[in-house]
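Scroll down for the structure; my scribbles are underneath it.
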Amino acid sequence: MRHSDYAKKITMSIAKPLLDYAKSLRPRKGFTQSFSAFKRLIKYHRRYYWFIVAIVILAAVRSILFSLEPLYTTFIIINVIGPPSNTSLLWGYLLVIVMAGVGYAISNFVLILVHGVMSQYIVRDIRAEYYCSLQGKSFSFYDSVGVGDLTSRATVDLQLVDSFLRTWLGTVLNAVFFAIIIIVIIYPISPIMTLISMATMPLIFYFTTRLWLETMPLFRNMQLILGRLSSYIQQNIVGMKTVRIFRREKDIVDGFKEVENVYVNTAISAGKIQSIYMPLGPAILTLGIALVYVYAGYSLGIPGSALAVAQVGDIILFARYMMRLTFPIRDLSQTLGTWVIAYAGLERVLEITDAPRNVEDLPDAKDIKIEKGKLELENVTFGYVKDRPVLNNVTFTVEPGEKIAILGATGSGKSSLIYLIPRFYGIQSGSIKIDGTDIRQFKLDSLRRQIGVVLQDVFLFSGTIKENIAFGKPDASIGEIVQAAKAARIHDYIESLPCGYDTPVGERGLTLSGGQKQRITIARALVTNPRILIMDDSLSFVDAKTEQEIQSAIEEATKTRTTLIIAQRFSTIKTAKKILVLENGSIAEFGTHDELIAKNGVYKKVYETQFIQKASPILEEAGGA
Amino acid sequence: MSGSYGTFSTKQEERRKRTVPDRVMIRRVYEYAQAHRRNLIIGISATITGALTGLASPYMHAIAIDQIITPKNLAGFIWWIPLFAAVILGNYLLQYIQTYQMRVVGENVVAKMRDDMMEKLQVISLRYFSEGEIGRIISRPTNDANTVRIFLRLGLTSILIDVSSILGSFAIMFFLDLRLALLAISILPVALVLVWYLGKYSRAAYRKTLITTSGLTARMQEDLAGIKVTQAYAQEQETEKKFLKSQDENVKATIRAILIGSSYTPFVIGLRLIGTMIILFFGVTAVLNGAITLGILVAFTEYQFSYFMPLVDLVSMYDQYQSAMSAIERMFDVIDTKVEVLDAPSERSIVL
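Okay, here's the thing in structure tokens:
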């Protein structure tokens, strides 16, 4: 064991779930799953049935041409070398061999190409379906799955599927056709020798199946562990600052090593099984040749037996065909090996594609224009997990143009509450109405286009500032963009940049500060001129000047719009028409500042302890979730 | 900043050509394999002897034809069959040992390198984890480690087997008949030039698919990171359109690579065919003259097959070898990063 007890105890907290997961994976009979995954994969081939027809024809031609070379070499041995020798026939036979070879080369080339193109189309279809399904998944899906994991499924895992798709059908057909052709050619020469040489086939088939059945669950587990390990690494790297602050470096590495250990052990067990079965097929087949020789030798010794008159050339033909057959057999077992790995990859992709969307358009959903922006919530109950509500029977009304500041501790359900309005999550019971119409009557598209959203996480896409501001309205005029930027108090800064609105930002562009990003996201929300605005203003730890600028931006943005804002700053709360205090998923207090102060409840306490005494107005959860 | 040891190379530097010579990296990977030296030695010996015993089988057929079947000297089977069975069995055992031992070495080496990388990542300066660099860092212990693992699992043994098959075939052919052997390898220079030249095109095409694939990955990564924004603004269809477009580019590049990559197989098969013709033409004359036996002629056609195919395989391995080497270089790049004791906070690491 390479870990001390101390390390182990600590590891429990970080890598324990991952380790438990890795250990919980039992080698199970994956045959049925694999079979249904295969059926699913076949379905993706349907659109390309012309490709399949072409592959079948090409594979048949290729096998026939491939079998001609040993046959004509034998003719040379029998008829040219003799006895009696007849060299005049040599050129004719050589010509056939050349022509068959050229034909083989061409059909082989076309087959690889057709097969490769088909595989690319199918991978494209699977990836497109996967990607499009991701666009429709609700926020709760993204709360639970990492971006790195999702990306690696569409790339690494699909690559595994691709390497199977590139050759599988051709290889299977090659083995089948070649075996049939050999039987057709050698059977007339000697039925008994044919039977003897084919006697080993069931054994080969048996061991190949064993290989498949025994390694498949292991490879599946390896793929699943690898996927989890990748997200573990990703989380570690993305959250490196947090790791350093809490000095968890050693635990992270120790935990990683332990899971990696499980992976290595699984990989080695799989390797052991592979090393036993993989070289077995060709070995058995070659031993079959020895059987043919024994029989041939035995019959040659008996005068008058069928083979006594047979020629040496025939025996060589048998031996050569058997040797040639080892190649398709080896390819076949390799293809099965690729399938075992591809299957694990495919399973990981389809798992996501098939995951429910959670939030969808109702069949009779319509495009509805929001005229006023009145918001009514009635007995709204919502939870991420069933029976564990985060919001409980929430009821309140917001008149058009009103600004509501939402206050509450971490976990009180603030974010959940505002994210229910654009249906990022689906409510479990109750109703949310905009201008008297239930939000489920809206088409998702039409609902979301009319609600401006400023998320807590200020994300900008790679692209110019202009493109980012116009994200929700790609056809916005430059005037509209500038207007939104001015309202968000970011226009002057943008103008000060050398390329102005065309400055690239995001992953490959200029690095902006948190405050600047937030104002761009506010501009992005304003460019569509929404009637309703929801804002998650959890940005803290900013300097006084930025604070003031953001404040001013929010003020301007929310002037005429129905707004729900999660507030951190007293200045925001002060300008709100009403304040809603959430406690454990229920409304504790709801009213104007003066009303709530008079009420002498939670709000008053928070107001006195947080906003009056402290210089910097930060709630207890200042760091953000 | 230089790309040498001690500093973690930046995005710009990574695009440059590799700087560390292969032998340096091979030596360093070998150091990692030291802990499993016994497995490594057994594995490599089994691989080489396995490839060589594999070559014995056509020669055994030649003996059977010449010494047993043709002269109808059936008593010969009494020693031939057990010997043949022993060769096959020995070959099987060697392949078993080779596959297993090399797997043990490969998995452990990659795991150890990965562990070292993870350890290093926890202590190097936080400035390496700046925005835009994260994806690249993540790919080193994940994608790069995977590339190396696959190479060690399949590529390395293939290279060993191919090289020993080629050399072994040559040796046997020269042993069987000098003249015919010279004829058989007369096409070798042409084959090498052709395969190398065509291989270059195919590698270039392949590299292009790698670039479009990484572009696709980057796009996907970003799209998903911003998915909540996309949904909030109901821009799913726009994003989908853009993604599908960049995927189509990737599909096109890959199909092109398949076309170029497979276009050299007909030439290779053609060349092999010429080789077979030469052997058959001169071989038949030689058999009729009594210069060689029929068994040797049959064996030659097989050995020609068993040196030519590994040759093609070897060339196609070149790419795998190259990408494994660059992956190894990137992994060592992280492992070798110097630890700065004081972590000076960078101006852009926190806020404003």
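If you read the sequences in order, they're chains R and L.
With the numbering used here, the residue at position 59 of the first sequence is 64, and numbering never jumps.
With the numbering used here, the residue at position 9 of the second sequence is 16, and numbering never jumps.
Each residue gets a CB set at the ideal place from its N, CA and C atoms; glycine is no exception.
Predicted, not measured: the structure shown is a model, and the values here were computed from it.
Is the CB-CB distance between residue i and residue j below 9 Å?
i: leucine 223 of chain R; j: serine 274 of chain R; result: yes
i: tyrosine 328 of chain L; j: glycine 162 of chain L; result: yes
i: alanine 331 of chain L; j: valine 155 of chain L; result: yes
i: threonine 271 of chain R; j: asparagine 241 of chain R; result: no
i: alanine 349 of chain R; j: leucine 229 of chain R; result: yes
i: isoleucine 173 of chain L; j: leucine 266 of chain L; result: no
i: valine 111 of chain L; j: asparagine 153 of chain L; result: no
i: glutamine 38 of chain R; j: glutamate 352 of chain R; result: yes
i: isoleucine 168 of chain L; j: glycine 57 of chain L; result: yes
i: glycine 590 of chain R; j: glycine 418 of chain R; result: yes
i: leucine 285 of chain R; j: isoleucine 185 of chain R; result: no
Are the C-beta atoms of residue i and some chain R residue less than 9 Å apart?
i: lysine 215 of chain L; result: no
i: glycine 175 of chain L; result: no
i: methionine 284 of chain L; result: yes
i: leucine 346 of chain L; result: It should be pointed out that residue 346 of chain L corresponds to valine in this sequence rather than to leucine. No, valine 346 of chain L lies away from the interface with chain R (no Cβ there is under 9 Å from its Cβ).
i: methionine 324 of chain L; result: no
i: proline 317 of chain L; result: no
i: histidine 43 of chain L; result: no
i: tryptophan 87 of chain L; result: yes
Leaving out five residues before and five after residue i in sequence, what residues of the same chain have Cβ atoms less than 7 Å from its Cβ?
i: serine 310 of chain R; result: With a pLDDT of 49 at serine 310 of chain R, under the threshold of 50, the modelled position of this residue cannot be trusted; read the value that follows with caution. For serine 310 of chain R, where only same-chain residues beyond five positions count, the Cβ hits under 7 Å are Ser304.
i: lysine 28 of chain R; result: Val267
i: leucine 312 of chain R; result: With a pLDDT of 48 at leucine 312 of chain R, under the threshold of 50, the modelled position of that residue is not reliable, and the figure given next carries that caveat. Same-chain partners within the cutoff: Ser195, Ala301, Ser304, Leu305.
i: threonine 283 of chain L; result: Thr308, Gln311
i: alanine 59 of chain R; result: Val119
i: threonine 220 of chain L; result: Asn257
i: proline 405 of chain R; result: Lys377, Gly378, Lys379, Thr567
Using DSSP with H/G/I as helix, E/B as strand and the rest coil, what is residue i?
i: leucine 502 of chain R; result: coil
i: threonine 300 of chain L; result: coil
i: leucine 382 of chain R; result: strand
i: methionine 283 of chain R; result: coil
i: lysine 377 of chain R; result: coil
i: glutamate 561 of chain R; result: helix
i: isoleucine 470 of chain R; result: helix
i: glutamate 588 of chain R; result: strand
i: glutamate 594 of chain R; result: strand
i: isoleucine 456 of chain R; result: strand
i: proline 222 of chain R; result: helix
i: lysine 142 of chain R; result: coil
i: valine 487 of chain R; result: helix
Looking at the C-beta of residue i, does it have a partner C-beta in chain L at a distance below 9 Å?
i: phenylalanine 464 of chain R; result: yes
i: threonine 176 of chain R; result: no
i: glycine 309 of chain R; result: Because glycine 309 of chain R sits at a pLDDT of 49, beneath the cut-off of 50, its placement in the model cannot be relied upon, and the following sentence gives the value as read from the coordinates. Taking Cβ atoms only, chain L never reaches closer than 9 Å to glycine 309 of chain R, which makes this a no.
i: glutamate 265 of chain R; result: yes
i: serine 451 of chain R; result: yes
i: asparagine 113 of chain R; result: yes
i: isoleucine 631 of chain R; result: A question about residue 631 of chain R goes unanswered here, because the residues of chain R that appear run from 6 up to 630.
i: phenylalanine 476 of chain R; result: yes
i: alanine 528 of chain R; result: no
i: alanine 110 of chain R; result: yes
i: serine 280 of chain R; result: yes
i: isoleucine 194 of chain R; result: no
Which same chain residues end up closer than 8 Å to residue i when comparing Cβ atoms and leaving out the 5 residues on each side of it in sequence?
i: proline 287 of chain R; result: Thr331, Ile334, Arg335
i: alanine 293 of chain L; result: Asp184, Arg186, Leu187, Ile299, Leu304
i: isoleucine 592 of chain R; result: Val399, Thr400, Phe401, Leu585, Val586
For residue i, collect the residues of the same chain with a Cβ closer than 6 Å to its Cβ; drop the 5 residues on either side in sequence, then sort them by chain order.
i: alanine 63 of chain L; result: Val94
i: arginine 160 of chain L; result: Gly113
i: cysteine 504 of chain R; result: none
i: valine 364 of chain R; result: Ser143, Arg428, Gly431
Under 8 Å Cβ-Cβ, which residues of chain A neighbour residue i?
i: leucine 165 of chain R; result: No chain A is part of this structure, whose protein chains are labelled R and L.
Whole-angstrom Cβ separation of residue i and residue j, contact assumed at under 8 Å?
i: lysine 1 of chain R; j: glutamine 446 of chain R; result: As shown, chain R starts at 6 and ends at 630. That puts residue 1 of chain R outside it, with no answer to give.
i: isoleucine 335 of chain L; j: lysine 127 of chain L; result: Rounded, the Cβ-Cβ distance is 15 Å, inconsistent with contact.
i: valine 202 of chain L; j: leucine 280 of chain L; result: Valine 202 of chain L to leucine 280 of chain L, Cβ: 15 Å. No contact.
i: methionine 198 of chain R; j: valine 297 of chain R; result: 6 Å
i: glutamine 238 of chain L; j: arginine 453 of chain R; result: 7 Å
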